[in-house]
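Undergrad: Quick mapping for you: the protein sequence lines, in order, are chains H and W.
Letter by letter, the first sequence follows residues 1 to 115 in our numbering.
Letter by letter, the second sequence follows residues 116 to 224 in our numbering.
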Amino acid sequence: DGGITQSPKYLFRKEGQNVTLSCEQNLNHDAMYWYRQDPGQGLRLIYYSQIVNDFQKGDIAEGYSVSREKKESFPLTVTSAQKNPTAFYLCASSFRDRTPNTEAFFGQGTRLTVV
Amino acid sequence: RKEVEQDPGPFNVPEGATVAFNCTYSNSASQSFFWYRQDCRKEPKLLMSVYSSGNEDGRFTAQLNRASQYISLLIRDSKLSDSATYLCVVKGNDYKLSFGAGTTVTVRA
Chain H
1 DGGITQSPKY LFRKEGQNVT LSCEQNLNHD AMYWYRQDPG QGLRLIYYSQ
51 IVNDFQKGDI AEGYSVSREK KESFPLTVTS AQKNPTAFYL CASSFRDRTP
101 NTEAFFGQGT RLTVV
Chain W
116 RKEVEQDPGP FNVPEGATVA FNCTYSNSAS QSFFWYRQDC RKEPKLLMSV
166 YSSGNEDGRF TAQLNRASQY ISLLIRDSKL SDSATYLCVV KGNDYKLSFG
216 AGTTVTVRA
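#1: According to DSSP, Lys70(H) sits in a beta bridge with which residue or residues?
#2: Going by DSSP, which residues form a beta bridge with Leu106(H)?
#3: How many whole angstroms separate the CB atoms of Lys83(H) and Gly58(H), which I take to be in contact at a CB cut-off of 8 Å?
#4: What is the DSSP secondary structure of Ser80(H), reduced to helix, strand or coil?
#5: Starting from Cys23(H), follow its DSSP beta bridges and name the residues at the other end.
#6: When you compare the region 188–202 of chain W with the region 157–177 of chain W, are there three or more beta-carbon pairs, one atom per stretch, that lie closer than 8 Å?
#7: Please compile the residues from chain H whose C-beta is within a distance smaller than 9 Å of the C-beta of Glu120(W).
#8: Whose Cβ in chain H lies nearer than 8 Å to the Cβ of Leu188(W)?
#9: With 7 Å as the threshold, decide whether the Cβ of Glu158(W) is near any Cβ in chain H.
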């Protein structure tokens, strides 16, 4: 079955550690996105990538890094520079076409907790 | 100014009622528009795309007003299962997907 998979579902990190969240899709989507959601809040864009080997900062990129070496994969690293990393992280993907049908599909999310 | 702004609600309505809410966007070059639904602690899922001429999907109707830069969602004959947060999503010509903060709807028996 085609879909977008995030792992792990729950992640605990000690302060000062970097951690990498995985996002893989087999939908042949060109664009991939990372969002952060805090309790009771909307989704805020961290990074997005339109094509392989290219990505752009979103609204809250500080303290995060990404790579897009393969079309299927868009891992997110939460670095120790991110001051408040505890949040729900969502990865999404979509085709680049601009027709109205090009909606984004989401993974099930990773809940990161700093302990 | 935020790229996408929504009325946060909450809207608390009885079963069978009609509820409607809006979303405004700031980038006039935006290309595509969507409504997503998010249940508590779950990922967002597409409810419907929003087309220029407006569109319906069962009890849900979406409208787009490009001149005033807003989209709307109307839910008729509300069901208990409609209780959720509804997210307005706008895709720019740079493929950036921007989300509103969400409108919370609670349907009571």
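Yeah, the Cβ is synthetic: ideal placement off N, Cα and C, and Gly gets one too.
TA: On the basis of the coordinates in this document:
#1: Stepping through the first sequence from its first residue, residue 70(H) is reached at position 70. BP columns for Lys70(H) point to Ser73(H).
#2: Counting from one through the first sequence, the residue named residue 106(H) turns up at place 106. Note that residue 106(H) is Phe in the sequence shown, not Leu. Ala92(H), per the DSSP bridge assignment.
#3: Against the first sequence, residue 83(H) aligns to sequence position 83. Against the first sequence, residue 58(H) aligns to sequence position 58. In fact, because the Cβ distance is near 17 Å, the residues do not count as touching under 8 Å.
#4: If you number the first sequence from 1, residue 80(H) lands on position 80. Taken through DSSP and simplified to helix, strand or coil, Ser80(H) comes out as coil.
#5: On the first sequence, residue 23(H) is found 23 positions in, with the first residue counted as 1. Per DSSP, the beta-bridge partners of Cys23(H) are Gln6(H).
#6: The way I'd put it, the region 188–202 of chain W does touch the region 157–177 of chain W; three or more beta-carbon pairs between them come closer than 8 Å.
#7: The residue you call residue 120(W) lines up with position 5 of the second sequence. In chain order: nothing, as chain H lies at least about 10 Å away.
#8: Walking along the second sequence from the start, residue 188(W) turns up at place 73. Neighbours of Leu188(W) in chain H, taken as residues whose beta carbon is under 8 Å from its own, are absent, since the nearest beta carbon is some 15 Å off.
#9: As a working mapping, residue 158(W) is identified with position 43 in the second sequence. Closer than 7 Å to some Cβ of chain H, the Cβ of Glu158(W) qualifies, so yes.
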